[in-house]
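Protein chains in written order, with this note's numbering: chain V, 1 to 209; chain A, 1001 to 1496.
By construction, the Cβ of each residue, glycine as well, lies at the ideal position given by its N, Cα and C atoms.
Computed from a prediction, not measured in an experiment: that's the story for all the values here.
Take a look at the structure set out below.
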């Protein structure tokens, strides 16, 4: 049973919210390549939803284009989620490896990414009065991803439902702490850089005069 | 590659040249004329008004003005200027060539004479031809006729509602068609005092709201847990008082000069005192305050006077930067005029603003002059277009708007007007194009709705055919898949 190709496994996982990831775990399948592809699509979808959305629904700030927020919203957040979840669940007797956490979480993002693309596409055909359809699609896509993410974490670590909720809350806290430390680090590096710059300017003035 | 390089150089040069000419075109003004683009950022623009001349008291042969703090254009075409420091009202003819009358003392009907003490506001009613003077330091509003005879006066009301501890220092005064008198009082935050035609106090009108800052919300939350005594002792949150107002038809427009408050800086009040602008998210004055490094302070707009022109445009006078912001009746920004400078067209302390015909008149209490601004050709076209547009004549406004774009291709209001006109005349594709350029999502949506309907109507048969084909194709692939699956399982069953 379940002799599926990697792509078929993705479809199986997202169409079986309860058992899909369990089957995947049991069959030891899941491809890191596809996972990265999905995260990359998340990155593209973020840009598409911001810049290519129907003008009648959303007026973007298109004077400048800054790619950093999109990178943060996709790669950085996903990376922080994976690392944070791995760090937390290693302490909480989770059975998942970093690789599996990454794969399962990425697979569960598919409905969300699909929702972003579909609403962006449909927004060019619907008027404002019909935006309720877009909202419904967005809610279904996001909700589905939330359910899948829960299921993914539950099966990758073999947790009970309550423990999964607990783990997810701790993971979010860990993500915040990591991002905080990252900003702190950047800030400190900046300070050090400024210090050396001033030192250099000061010395160069002395040398000149 | 070489060709590309050539092209790039030409493009860069033309951009520089265009920029240069744009600057020199408005170099007549002692400041850089600007307006806001569709992203809310300041960009160079054409001047809508240009300073014509500055008139001092010597020009009018009445001696130097001393802090002229208010100016009013009356029904008879004359201007009435409150010469605060000289305790008089100067009436000037419409051309500002000579003084018609200088009012410094008035006689009551019983023969009593009275003088003014630091008057700071004047209003002449067209209905009963009476002059209302806010006689600040005499704590009264003096009502006189135009020949210099006092008809009556309004003093501090002796009622509980007004409060005996409050002062009565009128700053500005207006009267509506029915003869009700509205008085803006110094240091009173509960709104303008309203008096009936016979001088009876009727209550306050149009108080500002307290701005919901984080501090005030925090105070409210902590107030829930406080004892009655503690609550009574802490500082109260009061809104900023009204600074000035103007009346146009049935509406009273008020402005509040506070550089920190952003709610209720400009209000349009109906007869019931309800603010019609309350729901809109309009910003009056500069969008973002400028930080002045030399003074280490933030220069936020403080609107000290407001004036409604005959065509419904709202003129706001900003004291901080010495600018006049002109809005149309829907609060769309039209022009920004003036600066703080010594030249003609600049102010040192702008105090009051009045519009009459195609000119703006601004008094300056430090220069002691009245600066007269005249509408430019560009201003004339914009006013014509916006008046037509606001009157609902979108299609008639189309040509003036196109004319506006010839003067200034970045003038956002024009794109809005063109989009509305094209939408009205059913040119949906054009309307969509211009709505996009104006960042107007709502107009774009309406135009798109029409465009979509038109598209479906014109291409109904191809669309229907495509749909049928798609349905057949989907059904076909599903069938093939099903057959394949069935065959596969049959094979499997066989093997087992």
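- For residue 1181 of chain A, the enclosing beta strand (DSSP E) stretches over residues 1181-1185.
- Each of A/1297, A/1117, A/1331 was checked against the Cα of residue 1104 of chain A, and the nearest Cα belongs to A/1117.
- Closest by C-alpha distance to residue 1437 of chain A, out of A/1044, A/1446, A/1409, A/1474, is A/1409.
- Contact check between the stretch 139-149 of chain V and the stretch 97-110 of chain V: three or more CB pairs, one atom from each, fall below 8 Å, which counts as touching.
- Residue-level contact check: residue 1436 of chain A touches chain V, since one or more beta carbons of chain V fall below 8 Å from its beta carbon.
- When DSSP assignments are scanned along the stretch 1333-1398 of chain A, the uninterrupted stretches of alpha helix (DSSP H) that are 4 or more residues long and fall wholly within it turn out to be 1377-1390.
- When Cβ-Cβ separations below 8 Å define contact, residue 1441 of chain A makes contact with chain V.
- Look at the stretch 1396-1418 of chain A: it has no residue with a C-beta under 9 Å from a C-beta of chain V.
- Between the beta-carbon of residue 1042 of chain A and that of residue 1033 of chain A there is about 10 Å, and that puts the pair past the 8 Å contact cut.
- Under the 8 Å Cβ criterion, the stretch 1057-1067 of chain A does not count as touching the stretch 1420-1434 of chain A, having fewer than three qualifying pairs.
- For the set V/169, V/72, V/24, the Cα lying nearest the Cα of residue 7 of chain V is the one of V/24.
- In the structure shown, residue 198 of chain V adopts helical secondary structure according to DSSP, grouped into three states.
- Under the three-state reduction of DSSP output, residue 142 of chain V falls in the helix class.
- For the C-beta of residue 1444 of chain A, the chain V residues within less than 7 Å are, from N- to C-terminus, 55, 56.
- Looking from the CA of residue 1234 of chain A, the closest CA among A/1220, A/1242, A/1246 belongs to A/1220.
- Inclusion of residue 1306 of chain A and residue 1318 of chain A in the CB contact set at 8 Å is not warranted, their separation being larger than that value.
- The alpha helix (DSSP H) runs lying completely inside the stretch 1194-1237 of chain A and spanning 4 residues or more are 1214-1224, 1228-1233, given in chain order.
- With 16 or more neighbouring CB atoms inside 10 Å of its own CB, residue 1411 of chain A falls in the buried class.
- For residue 1429 of chain A, the closest Cβ of chain V is not nearer than 8 Å.
- Per DSSP, residue 1044 of chain A is not a residue of any alpha helix (DSSP H); the beta strand (DSSP E) it occupies stretches across 1042-1044.
- Contact annotation: residue 1072 of chain A and residue 1126 of chain A have beta-carbon atoms that are not nearer than 8 Å.
- Within 7 Å of the CB of residue 25 of chain V, no CB atom of chain A is found; the nearest one sits about 25 Å away.
- With 16 or more other Cβ atoms inside 10 Å of its own Cβ, residue 1419 of chain A counts as buried.
- Scanning its chain for C-beta atoms nearer than 6 Å, with the 5 sequence neighbours on each side dropped, one finds around residue 1339 of chain A the residues 1031, 1322, 1346, in chain order.
- Sequence-distant Cβ neighbours of residue 1113 of chain A in its own chain, meaning closer than 8 Å and more than five residues away, are 1105, 1106, 1107.
- Restricting attention to A/1367, A/1266, A/1300, the CA atom closest to the CA of residue 1326 of chain A is found in A/1266.
- Less than 8 Å separates the beta-carbon of residue 1204 of chain A from that of residue 1192 of chain A.
- With distances taken between CA atoms, residue 1316 of chain A lies nearest to A/1253 out of A/1109, A/1253, A/1144.
- Neighbours of residue 128 of chain V in chain A, taken as residues whose beta carbon is under 7 Å from its own, are 1445 in chain order.
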